[in-house]
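Accompanying notes for the structure given below.
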(Lines of atoms letter the chains of each structure in order from A; the text may use other names.)
(Lines give C-alpha, C1' and ligand atoms only; values in the text may rest on other atoms or scores of the structure.)
Protein backbone atom coordinates (compact mmCIF):
# COMPACT_ATOMS: atom_id res chain seq x y z
CA UNK A 1 0.00 0.00 0.00
CA UNK A 2 1.44 3.36 -1.01
CA UNK A 3 1.27 6.58 0.99
CA UNK A 4 1.45 10.25 0.05
CA UNK A 5 3.14 13.30 1.47
CA UNK A 6 3.38 16.97 0.61
CA UNK A 7 4.65 20.37 1.60
CA UNK A 8 2.40 22.73 3.57
CA UNK A 9 1.03 24.68 0.59
CA UNK A 10 0.56 21.56 -1.56
CA UNK A 11 2.69 22.61 -4.52
CA UNK A 12 5.07 19.70 -3.83
CA UNK A 13 3.60 16.21 -3.46
CA UNK A 14 4.98 12.69 -3.62
CA UNK A 15 4.02 9.05 -3.33
CA UNK A 16 6.03 6.32 -1.61
CA UNK A 17 5.32 2.75 -2.71
CA UNK A 18 5.52 1.27 0.78
CA UNK A 19 3.56 0.93 3.98
CA UNK A 20 3.64 3.88 6.36
CA UNK A 21 6.37 2.92 8.82
CA UNK A 22 5.79 2.55 12.55
CA UNK A 23 9.29 3.86 13.26
CA UNK A 24 11.06 7.13 12.56
CA UNK A 25 14.52 8.52 13.11
CA UNK A 26 15.07 11.70 15.11
CA UNK A 27 18.54 13.12 14.55
CA UNK A 28 20.21 15.74 16.73
CA UNK A 29 22.44 17.26 14.03
CA UNK A 30 22.25 21.03 13.63
CA UNK A 31 19.85 20.75 10.67
CA UNK A 32 17.42 18.04 11.80
CA UNK A 33 17.23 19.35 15.37
CA UNK A 34 16.24 22.83 14.24
CA UNK A 35 13.59 21.53 11.86
CA UNK A 36 12.18 18.75 14.04
CA UNK A 37 12.33 16.07 11.37
CA UNK A 38 10.99 12.58 11.93
CA UNK A 39 12.58 10.66 9.07
CA UNK A 40 12.00 7.31 7.41
CA UNK A 41 14.23 6.01 4.62
CA UNK A 42 13.16 4.24 1.44
CA UNK A 43 14.89 3.03 -1.73
CA UNK A 44 14.73 5.84 -4.30
CA UNK A 45 12.85 3.55 -6.69
CA UNK A 46 9.91 3.55 -4.23
CA UNK A 47 9.72 7.37 -4.20
CA UNK A 48 7.85 9.27 -6.90
CA UNK A 49 7.59 13.05 -7.05
CA UNK A 50 4.04 13.70 -8.25
CA UNK A 51 4.24 17.47 -8.64
CA UNK A 52 6.36 20.47 -7.78
CA UNK A 53 9.79 19.85 -9.30
CA UNK A 54 9.89 23.49 -10.45
CA UNK A 55 8.88 24.64 -6.94
CA UNK A 56 11.80 22.89 -5.22
CA UNK A 57 15.21 24.20 -4.22
CA UNK A 58 18.07 22.17 -2.79
CA UNK A 59 20.10 22.72 0.34
CA UNK A 60 23.38 20.95 1.13
CA UNK A 61 25.52 21.15 4.27
CA UNK A 62 28.34 19.34 6.07
CA UNK A 63 29.56 16.63 3.64
CA UNK A 64 27.00 17.56 0.94
CA UNK A 65 25.88 13.92 0.88
CA UNK A 66 22.15 14.59 1.20
CA UNK A 67 20.14 16.83 -1.10
CA UNK A 68 17.59 18.46 1.19
CA UNK A 69 14.68 19.57 -1.02
CA UNK A 70 12.33 22.34 0.13
CA UNK A 71 9.33 24.15 -1.36
CA UNK A 72 10.18 27.69 -2.44
CA UNK A 73 6.67 28.88 -1.57
CA UNK A 74 6.07 27.56 1.96
CA UNK A 75 9.60 26.48 2.93
CA UNK A 76 8.60 22.96 3.98
CA UNK A 77 11.22 20.25 3.58
CA UNK A 78 9.11 17.15 3.13
CA UNK A 79 11.87 14.90 1.76
CA UNK A 80 15.55 14.62 0.88
CA UNK A 81 17.50 12.47 -1.57
CA UNK A 82 20.85 10.81 -1.00
CA UNK A 83 22.64 7.52 -0.57
CA UNK A 84 22.48 4.89 2.13
CA UNK A 85 25.71 3.75 3.78
CA UNK A 86 25.90 0.89 1.25
CA UNK A 87 25.80 3.43 -1.63
CA UNK A 88 22.25 2.70 -2.77
CA UNK A 89 20.04 5.65 -3.73
CA UNK A 90 17.46 6.59 -1.10
CA UNK A 91 14.71 9.03 -0.23
CA UNK A 92 14.44 10.35 3.30
CA UNK A 93 10.80 11.19 3.98
CA UNK A 94 9.79 13.59 6.73
CA UNK A 95 6.89 11.71 8.30
CA UNK A 96 5.57 14.97 9.73
CA UNK A 97 4.58 15.76 6.12
CA UNK A 98 2.49 12.61 5.64
CA UNK A 99 -1.24 13.05 6.32
CA UNK A 100 -2.59 10.61 8.86
CA UNK A 101 0.72 9.91 10.59
CA UNK A 102 0.50 10.49 14.35
CA UNK A 103 4.05 11.47 15.40
CA UNK A 104 3.26 10.47 18.99
CA UNK A 105 2.44 6.92 17.87
CA UNK A 106 5.80 6.40 16.12
CA UNK A 107 8.61 4.44 17.71
CA UNK A 108 11.45 6.98 17.65
CA UNK A 109 15.04 5.91 17.04
CA UNK A 110 17.37 8.64 18.26
CA UNK A 111 20.52 9.20 16.18
CA UNK A 112 23.52 11.22 17.37
CA UNK A 113 24.12 13.01 14.08
CA UNK A 114 25.80 15.87 15.96
CA UNK A 115 28.77 13.56 16.46
CA UNK A 116 29.20 12.59 12.78
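Residue numbers (UniProt numbering): 1 to 116. Beta carbons: idealized from backbone N, C-alpha and C, even for Gly. These numbers come from a predicted model, not from an experiment.
{"Query": "Close beta carbons around residue 48, own chain, < 8 Å, minus the five adjacent residues each side", "Result": "14, 15, 16, 17"}
{"Query": "Alpha-carbon spacing of residue 34 relative to residue 114, whole angstroms", "Result": "12 Å"}
{"Query": "Three-state secondary structure (DSSP) of residue 92", "Result": "strand"}
{"Query": "Three CB pairs or more closer than 8 Å across the stretch 103-110 and the stretch 78-90", "Result": "no"}
{"Query": "Limits of the unbroken beta strand (DSSP E) element including residue 58", "Result": "56-59"}
{"Query": "Straight-line Cα distance separating residue 12 from residue 51", "Result": "5 Å"}
{"Query": "Whether residue 5 touches residue 97 by CB criterion (8 Å)", "Result": "yes"}
{"Query": "Pick from 40, 83, 62 that is closest to residue 3, judged by C-alpha positions", "Result": "40"}
{"Query": "Under 8 Å between C-beta atoms of residue 116 and residue 93", "Result": "no"}
{"Query": "Opening and closing residue of the beta strand (DSSP E) in which residue 30 lies", "Result": "From DSSP, residue 30 is part of no beta strand (DSSP E) but of the alpha helix (DSSP H) over 30-35."}
{"Query": "Collapsed DSSP secondary structure at residue 45 in the structure displayed", "Result": "helix"}
{"Query": "Best match in 9, 30, 36 for proximity to residue 108 [C-alpha to C-alpha]", "Result": "36"}
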